[in-house]
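Participant:
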Amino acid sequence: MKLPYQYSDLEPFIDAKTVEIHYSKHHQTYVNKLNEALAGTDYAQRDLADLLKNVESLPENLKTPVINNGGQVYNHNLYWESMSPNSKAQPEGILAEKINQKWGSFDNFKSEFSNLGATQFGSGWVWLSVDQNKELVLEKTSNADSPIMHAKTPIMTMDVWEHAYYLKYQNLRPDYIKAFWSVVNWSEIESKFLQAVA
Ligand code: MN3
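Numbers 36 to 233, taken from the numbering used here, label the letters of the sequence shown in order.
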C-alpha cells in the first residue's frame with residue numbers, strides 16, 4: 036500500500052526517519068518476500084486478507100511464508116492506517132459507546148491497550164478487533180501473528196516491534212506507546228468498525 040501521509044507527518048510523536056525505514060525497508064521487505072513466495076502460484080492474485088483467513092488450507096510450503104510475510108504486510112497496512120497527522124483525541128459515535136460499554140471508559144480502554152503493548156514479550160502487535168459475535172476484543176500477538184488469521188476483523192493496531200520505535204525511544208517502549216495515542220486515526224477506525232459490524 037501507499038503510505039497515506041509523508042514520512043515527517045507524524046512528528047514529533049513518530050519521527051520521520053523511523054517512518055521512512057519502517058515503511059520503505061521493513062514493510063517493503065515483507066512485501067517482496069510475500070511476492071516471491073507466491074510468484075507463479077494460483078495464490079498470487081488472491082486478496083491478502085482472504086489468504087490469511089484461509090491460511091490453514093494453503094499448501095504446506097506456502098503456509099510459513101504467507102503467515103510470516105503476508106501477516107506482516109497485512110499488519111503493517113493496518114498500522115499505517117491506524118495513524119494520521121489529523122488525529123482526534125477520542126473516538127465518537129457507536130464505536131465510542133461500545134468502548135465505554137465494554138471497558139467502562141475510554142481511559143480504561145486506553146490503559147488496557149497500552150498495558151498489552153508494554154507487556155508483550157519480544158516482537159509483536161496490539162489489536163482492537165471485532166470478533167464473530169460482533170463484539171470488540173483487545174489482544175496482543177507475537178511476531179507476525181494477526182487476529183485476521185483467527186476469525187476476527189482487526190480495526191486498529193500498534194506495532195511493538197523494536198524497529199517501530201527504537202531510533203527515537205530506544206528501550207523506552209512505554210514512551211512510544213504514550214506518543215502513539217497522539218496520532219491515532221479514530222475516523223478511520225470508526226469506519227472500519229462500522230464495516231465490520233454491518
Ligand atoms: Mn513493523
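Even for Gly, the Cβ is constructed at its ideal location relative to N, Cα and C.
All values derive from a computational prediction rather than experimental measurement.
(1) Identify whether Met241 lies in helix, strand or coil by the three-state DSSP scheme.
(2) I'd like the ranges of any beta strand (DSSP E) spanning at least 3 consecutive residues and lying wholly in the region 64 to 112.
(3) Could you spell out the range, first to last residue, of the beta strand (DSSP E) harbouring Pro159?
(4) By DSSP, does Pro189 sit in helix, in strand, or in coil?
(5) Verify the contact flag: Ala51, CB atom, against every heavy atom of the ligand MN3, threshold strictly below 8 angstroms.
(6) Compare the beta carbon distance of Trp115 and Ser158 with 9 angstroms and say whether it is the shorter of the two.
(7) Specify the secondary structure class of Glu14 as computed by DSSP and reduced to three states.
(8) Within 10 angstroms of the Cβ of Met254, are there 16 or more other Cβ atoms? Answer buried if so, exposed if not.
(9) Determine, for Ser222, whether the minimum Cβ-Cβ distance to residues of chain D falls below 9 angstroms.
(10) Counting pairs of beta carbons, one from the region 82 to 90 and one from the region 118 to 127, are three or more of them closer than 8 angstroms?
(11) Buried or exposed: Ile129, going by 16 or more other Cβ atoms within 10 Å of its Cβ?
Facilitator: Well, looking at it:
(1) The requested residue 241 does not occur in the structure, where the chain is confined to residues 36 to 233.
(2) None, since the region 64 to 112 contains no complete beta strand (DSSP E) of that length.
(3) It should be noted that the sequence gives Gly, not Pro, for residue 159. Looking at the DSSP string, the run of the beta strand (DSSP E) that includes Gly159 is 159 to 165.
(4) Three-state result, Pro189: strand.
(5) Of the heavy atoms belonging to the ligand MN3, none sits nearer than 8 angstroms to the Cβ of Ala51.
(6) no
(7) The chain is shown from 36 up to 233; residue 14 falls before or after that span and cannot be answered.
(8) Given that the chain is displayed from residue 36 to residue 233, the structure contains no residue 254 and the question cannot be resolved.
(9) No chain D is part of this structure, which consists of one protein chain only.
(10) no
(11) Burial state of Ile129 is exposed, judged by a 10 Å Cβ sphere holding fewer than 16 other Cβ atoms.
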